[in-house]
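Undergrad: Protein chains in written order, with this note's numbering: chain W, 1 to 321; chain S, 1001 to 1281.
All residues carry an ideal CB built from backbone N, CA and C; glycine is no exception.
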Amino acid sequence: MATESTDELEEFRTNTSWLYDTTPGAYVRHAFTAASTALVAVFVLGPLYWMVVTAFKTKAEIQRIPPTIVPQDWSIQAFVAVIESSLQAGGYDGFVERTFGVSVSSAIDIDVFGLIVSSLKVSVGAALLAVLFGTMAAYVLSRHDFRGKSVLMSLLLASLMFPGTAIMVPEWELINTLGLFDTHLGLILVYGAMTSPFVVWLMKGHFDDFPGSILDAARMDQCSPFEMFRYVLVPMSVNSIIASFIFAFLLAWNELVFALTLLSNTKYTVPPGLLTFVQGFNTQWNVVAAASIIASIPVLLGLAYIQRYFVQGLTGGAIKG
Amino acid sequence: MIALVGTFILYPIARAIYSSFFQKSLLRPEEAQFAGLANYAEIWGSPTIHQVLWNTFVWVTVGSGVAIVAGFMMGWLMYEKLPYASVASAIILIPWVLPRVVGASIWAFMFSGSQGIINELLVTLGLTQEYIVMLGSTDVSLWPPIVGMIWRLAPLFALLTLTSFQGINDRLYEAARMDGATPWEQFRYITLPLMRYNLAIGFLLMLIYNIRNFSMIWVMTKGGPGVSSTTLPVMIYRQAFVDFNIGMASALSVLLFLVLLVFSYYYIKVYDQVQGETNGN
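1. Does any residue of chain S bring its CB to less than 7 Å from the CB of Ala81(W)?
2. Quick test of your reading: Pro1155(S) and Trp1107(S), contact by CB under 8 Å. State the CB separation rounded to the nearest angstrom.
3. Quick check on DSSP: helix, strand or coil for Gln63(W)?
4. I believe Met168(W) touches Phe258(W) by the beta-carbon criterion, under 8 Å. Please report the beta-carbon distance rounded to the nearest angstrom.
5. Quick check on Pro1233(S) - is its C-beta less than 7 Å from some C-beta in chain W?
6. May I ask you to report which of helix, strand or coil DSSP gives Asn1169(S)?
7. Using C-beta distances below 8 Å, list every residue in its chain close to Ile1150(S), excluding the 5 sequence neighbours before and after it, in chain order.
8. At a cut-off of 6 Å, would you count Met1134(S) as near the ligand ZN, judging by its Cβ distance to the nearest heavy atom?
9. What does the Cβ neighbour count give for Gly179(W), buried or exposed, with the cut at 16 atoms within 10 Å?
10. Chain S beta carbons: is any one of them nearer than 7 Å to that of Ile241(W)?
11. I think Arg1152(S) touches Asn254(W), with their Cβ atoms under 8 Å apart; what is that distance to the nearest whole Å?
12. Under 7 Å between C-beta atoms, does Met51(W) make it to chain S?
13. Is Asn265(W) helix, strand or coil by DSSP?
14. Which class does Gln1239(S) belong to by DSSP, given the choice of helix, strand or coil?
15. Could you compute how far the alpha carbon of Met1(W) sits from the alpha carbon of Ser237(W)?
16. Are the C-beta atoms of Ser1215(S) and some chain W residue less than 7 Å apart?
17. Can you find a C-beta in chain S that's less than 7 Å from the C-beta of Ala193(W)?
18. Applying a beta-carbon distance threshold of less than 9 Å, which residues of chain W neighbour Arg1100(S)?
19. My output table needs one value for Tyr1267(S): the three-state DSSP class, helix, strand or coil.
20. Using a Cβ cut-off of 9 Å, which residues of the segment 1062–1076 of chain S contact any Cβ in chain A, in chain order?
21. Any Cβ of chain S within less than 7 Å of the Cβ of Pro211(W)?
22. Shorter than 7 Å from the beta carbon of Leu157(W) to some beta carbon of chain S?
23. According to DSSP, is Phe245(W) part of a helix, a strand, or is it coil?
24. When DSSP labels each residue in this structure, what does Phe1244(S) get in the three-state scheme?
25. Just to confirm my understanding: we take Met1110(S), look at its own chain, exclude 5 residues before and 5 after, and list those with CB closer than 7 Å. What are they?
26. In the DSSP assignment, what residue or residues form a beta bridge with Phe1022(S)?
27. In the structure shown, what three-state DSSP assignment does Asp208(W) receive?
28. For Ser1164(S) and Met1195(S), which I take to be in contact (beta-carbon distance under 8 Å), what is that distance rounded to the nearest angstrom?
29. Over what stretch of residues does the alpha helix (DSSP H) that includes Asn1213(S) continue unbroken?
30. 7 Å is my cut-off, CB to CB: does Ile1017(S) come that close to chain W?
31. What does the alpha-carbon distance come out to for the pair Ile246(W) and Val1087(S)?
32. Against chain W, does Lys1269(S) count as a neighbour if the rule is that its beta carbon must be under 7 Å from one of theirs?
33. Once the 5 residues before and after Trp74(W) are set aside, which same chain residues still bring their CB inside 7 Å of it?
34. Taking the Cβ atom as the reference point for each residue, do Asp182(W) and Lys121(W) lie within a distance shorter than 7 Å?
35. Give a yes or no on whether 7 Å exceeds the smallest Cβ distance from Ser224(W) to chain S.
36. Just confirm the distance between the C-beta atoms of Val1234(S) and Ile1217(S), as a whole number of angstroms; I'd bet it's less than 8 Å.
Next comes the structure, spelled out in structure tokens:
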């Protein structure tokens, strides 16, 4: 990290930056930098912008050729459609009509909020499972030496590479044999297994860096290894634990393949549910966009928290900065 | 934890290898017949598999290649030129964390034949005369998902680059400047050597994420038309859950598995080297 740099050095770096560049050819370089930055910004943010404006367009406007860059009449029609179809598919239309006197009828019959509830259930379950087992395993792997440890670590790292399409068929057979097909429990177990290696890597890095003096102090106070884990390590690692929880949660929240194969459409989570929106000849893209935005909110909230752990976690803690 | 991973990750891998030797239908799994290497022979002899393997190759090399180059540039821009790089790095993460289906649907919409913005852009720029049905054309249907995948992966590589730039001690540059090193020499002799492990890890990650990807293609084209945008994972899904041919799907899984094994082997090797160096110092 650049933490060692003094103010002087910091100043030196700022002054050599392009704003103060007076050497020949500076204008060309400025223009090049500005252009490439703009290009990157458009490429990265363009699709996101498009999703947001599409969600606020009317059904008539999304079919217009050429497409409008900025919606001409902003409308929450698409969001209303998502909410209405949820109420209808979830069977709350009668309730709403009696209570608010508003009749709900929707051409789309997809319960978006039901999907979100399913997803929350599965993701929270999987993340709890992964954090519980992953943290304990990380503790053991970090504090004890035993035969085959490096093999085990490699195996965990390798299993990070493999989940997904390569094992979906046997996974389907396994879940079927266990009688867990079309249950959220089955998906929780699969996701828990898939994400716990992640948690192990994240938490092991944290435990490895843990100051030994605190552990020594605890040992002096006659703590058993379990007590040490429970009363010293865990409370002092809350940040990392929350980060790995969100990590595991996001993985489970976004996963498509297993949700598609291990559930039937009545129990779908968000990813396969959104897919049913996209399918079909006459896709209502403004509704898809609105549903996508609603489904992305938990992810974006999580992102705010784990941002600094993200790269570290993705590379298995390989890059420590 | 071991039991969980063992049951749901390692056992299925073994199971896939075992199933790949059987002629087996998803609808009647009890009527499985031992078929030896028949599935593999069929894969070897089938014309579609060549197309699929070629698609997979193009998908992985072009997708990862562009993502790596673009990502490196983005990371460098953020480090050298951009104030508030941390804000930018938070924003840049959005494509990566957004639910994959969401990202893929945005791109599917943008590429769609009649209402898509991409076609309009191409026409405005004068590159084509009329709208192309990109997702439904055998000639180009592989490319829209590649663009989507680059959008998803390049920011990740940019962040890896940014972190490794930040990990390099400024004093090294200061010393190099004192010795009269040009910016290119500084880059060549300080930046690149110090970043090589991070770059190698990022490179392997890109390959692995790319070859594993399923949702981008499935949401956008379903691998079609025909097999024109089918990669190995998509073909496995089709064989298993559309054609109900488990034996064949398992054999393909083993194939994919072997490819991934090679990548993972190198990943772990590079990783161990990094660990060795950081522990050694």
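TA: Put simply:
1. no
2. Rounded, the Cβ-Cβ distance is 15 Å, inconsistent with contact.
3. Of the three classes helix, strand and coil, the one that applies to Gln63(W) here is coil, per DSSP.
4. 7 Å
5. yes
6. coil
7. Gly1063, Val1066, Ala1067 and Ala1070
8. The ligand ZN is absent from the structure shown, which contains no ligands of any kind.
9. Exposed: under 16 other Cβ atoms inside 10 Å.
10. False, the Cβ-Cβ gap to chain S never drops below 7 Å.
11. With 8 Å as the limit, Arg1152(S) and Asn254(W) do not qualify as a contact, their Cβ atoms being about 11 Å apart.
12. yes
13. coil
14. helix
15. The predicted position of Met1(W) is uncertain, since its pLDDT is 41 and thus under 50; a value taken from the coordinates is nonetheless stated next. Their backbone Cα atoms lie some 22 Å apart in a straight line.
16. yes
17. yes
18. Asn254, Glu255, Leu256 and Pro271
19. helix
20. Protein chains in the displayed structure are W and S, and chain A is not among them.
21. Answer no: the Cβ-Cβ gap between Pro211(W) and chain S never drops below 7 Å.
22. yes
23. helix
24. Coil, per DSSP.
25. Gly1116, Ile1117 and Ile1118
26. Phe1034(S)
27. helix
28. 5 Å
29. Note, Asn1213(S): premise wrong, no alpha helix (DSSP H); not H, not E.
30. No, because no Cβ of chain W sits closer than 7 Å to the Cβ of Ile1017(S).
31. 20 Å
32. no
33. Phe56
34. Pairing Asp182(W) with Lys121(W) gives a Cβ-Cβ distance that is not under 7 Å.
35. The beta-carbon of Ser224(W) is placed no less than 7 Å from the nearest beta-carbon of chain S.
36. Contact annotation, Val1234(S) with Ile1217(S): C-beta distance approximately 5 Å; criterion of less than 8 Å satisfied.
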